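Working notes, beginning with the structure itself.
Number of protein chains: 2
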Amino acid sequence: MTHSTQPKSPHRPRKEKPDKAQAILAGALQVFTSHGYAAASMDRIASAAGVSKPTLYSYFQDKEGLFFALVMQLTKNNRKTLFSLPTKSNLQAPPDKVLHQIATSVLTEFSQNQPLLTLMRLIIGESERFPELAQTFIREIKKPILEKLASYLASQPQLNLPDPMVAARIFIGSLVDYLITQHIMNGSEILPLEGDRMVDGLVHLLTVKAGSR
Amino acid sequence: MTHSTQPKSPHRPRKEKPDKAQAILAGALQVFTSHGYAAASMDRIASAAGVSKPTLYSYFQDKEGLFFALVMQLTKNNRKTLFSLPTKSNLQAPPDKVLHQIATSVLTEFSQNQPLLTLMRLIIGESERFPELAQTFIREIKKPILEKLASYLASQPQLNLPDPMVAARIFIGSLVDYLITQHIMNGSEILPLEGDRMVDGLVHLLTVKAGSR
DNA sequence: GTCTATAAGTCGATAGAC
DNA sequence: GTCTATCGACTTATAGAC
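This is the structure:
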């Protein structure tokens, strides 16, 4: 008996109900985020999504494809939200107010958005296996934010920042490290630090001078 | 995938060589860091360590125990190195020189120490499954460094830093985010930025004299 | 070396829409 | 009837553990 290993051409989802694909992605989100990539089983994902495994495989080529699609969707979904952060406030306001507002928005958005934190954890943790995902995140989310922020900083000559892009990276980098340390690595008890205090110090540093505040 | 061709000594199993534990940890380092926790197999680790699986299990209780022991050892091994970074330079020198030296040391140490970067990636990636490891890293490494740096910053009144601990977190956080973005998430091509430029900007920001407005 | 559990991925059958 | 989305049951490989 020979079972020919015919090149599997699994059914491509043509115009099926988007519900199922969404349900699968929702289940995948839960399982991947609570177990990590490798420890997540397709059985569990199918179960969490309320579909059978064959159905799952009819929508996504394999486990890697599903993970990839999930992270790409999360990235896309959060792209607009995050990109708008640097311009949520009135840019005509004094820079220290603007920066304060931006930093607070970033911390609030991430603190209230657990899937977003989880996305960061997954992307970092699996960056060896899926280097493209990390790079996509940087290209689609981090880079635009940094460029917009750097552009704003450059437009405020009174801030006297000789290298706006580096200033932007310090600003965002400090906040990202804060989020990773406090909320991903569970450092709140060991290194307690209120978000507001962090924001105040950060804004103060960038808007240095004897006068503000 | 190569089978070790070293002569397998069939002598009675005795625990007389503490080297074995080290060999296992070395093998575990390679396998865990290149595959992640869940995707690393005990077979592969045993093979990489040049021991049999029963030997492996005689030294470590199970996979979790081995991973835990590995991360704890790496943390311990790097503790002194990292903790000494903030005091490598002459603390009597001008603060901008001292901070420049510290930042450069941090970037150099991590850039030349791939296992250290990998340790960070593993700790972050597995922080859901092993919260204690992330917390240990913070307690044993990050916290001492931040406290030492904050103490130094506080001792330099001319820096005029109202919140030295927050300044320390911005300093270290910026560097950590830089390392994660460039070297763990492979962002160098997308967001190129020389380490020296980052260091210069960071030091400049912290050492700006009041009244420069 | 061996044992058991569970993983990823596949196949034949079924049920409803037209 | 046919078409197509779906699923229960299966295969094969490899994991952890002893």
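Chains as they are written, first to last, in our numbering: chain L, 33 to 245; chain C, 33 to 245. We put the CB at the ideal spot given by N, CA and C, even for glycine. Note that this is a predicted model, so its numbers are computed, not measured.
Neighbourhood of L:S206 in chain C, by CB distance below 8 Å: R201, I202, G205, S206 and D209, in chain order. For the pair C:V231 and C:A80, the Cα-to-Cα distance works out to about 39 Å.
Proximity of C:A70 to chain L, defined by a Cβ-Cβ separation below 9 Å, is satisfied. Cβ-Cβ separation between L:L148 and L:F142: approximately 6 Å, consistent with a contact (criterion under 8 Å). The three-state reading of DSSP puts C:P147 in helix, counting H, G and I together. Sequence-ordered contacts of the region 149 to 161 of chain L with chain C read T150, M152, R153, L154, I155, I156, G157, E158, S159, E160 and R161 [C-beta pairs closer than 9 Å].
Counted as a single uninterrupted DSSP element, the alpha helix (DSSP H) harbouring C:R76 occupies residues M74 to A81. In terms of CA proximity to L:K108, L:I170 leads the group L:I170, L:T239 and L:R201.
For C:L191, there is no enclosing alpha helix (DSSP H), as DSSP marks it with neither H nor E. Within the region 118 to 185 of chain L, complete alpha helix (DSSP H) segments of at least 4 residues are found at 127 to 143, 146 to 157 and 163 to 169, given in chain order. From the beta-carbon of L:I212, the residues of chain C found nearer than 7 Å are I156. Where L:M217 is concerned, there is no enclosing alpha helix (DSSP H), because DSSP gives it neither an H nor an E.
The residue from C:V235, C:G68 and C:L185 with its alpha-carbon nearest to that of C:S159 is C:G68. Contact between L:T213 and L:L223 holds: their C-beta atoms lie close to 6 Å from each other, under 8 Å. For L:I170, the chain C residues whose Cβ falls inside 9 Å of its Cβ are T213, M217, N218, G219, I222 and L223, in order along the chain. Counting C-beta atoms within 10 angstroms of its own C-beta, L:G157 has 16 or more neighbours from the protein chains shown and is therefore classed as buried. Closest in alpha carbon position to C:V235, among L:L193, L:D228 and L:I216, is L:L193.
Taking C:Q54 as reference, the option from C:T168, C:A78, C:A70 and C:T65 with the minimal CA-CA separation is C:A78. In the three-state reduction of the DSSP assignment, L:V240 falls in the coil class. About 18 Å separates the beta carbons of L:L139 and L:Y184, which is beyond the 8 Å limit, so they are not a contact pair. Of all residues in the region 224 to 238 of chain L, those with a C-beta nearer than 8 Å to a C-beta of chain C are L225, R229, M230, D232, G233, L234, H236, L237 and L238, reading in chain order. For C:A58, the enclosing alpha helix (DSSP H) stretches over residues D51 to H67. In this chain, the alpha helix (DSSP H) harbouring C:E96 covers K95 to S116. L:M104 has a beta carbon lying at 9 Å or more from every beta carbon in chain C. The contact set of C:P194 on chain L, defined by CB atoms closer than 8 Å, consists of G233 and H236 in chain order.
Only residues of its own chain outside the window of five on either side were considered, and among them F142 have a CB closer than 6 Å to the CB of C:L211, listed in chain order.
In this chain, the alpha helix (DSSP H) harbouring L:L88 covers K85 to Y91. Contact between C:A166 and C:I155 holds: their C-beta atoms lie close to 5 Å from each other, under 8 Å. In this structure, C:P127 keeps its C-beta atom at 9 Å or more from the C-beta atom of C:K180. The straight-line gap separating the alpha-carbon atoms of C:V63 and C:R76 is approximately 7 Å. At a Cβ-Cβ threshold of 9 Å, L:G233 and C:R201 count as neighbours.
Its chain contains K52, A53 and I56 as the residues whose beta carbon lies nearer than 7 Å to that of C:Y91, once the 5 sequence neighbours on both sides are disregarded; these appear in chain order.
Nearest in C-alpha terms to C:A125, of all of C:M217, C:N218 and C:S187, is C:S187. C:P196 is classed as buried because its beta carbon has at least 16 other beta carbons within 10 Å across all chains shown. Below the 8 Å Cβ cutoff, chain C contributes no neighbours of L:Q188, its closest Cβ being approximately 12 Å away.
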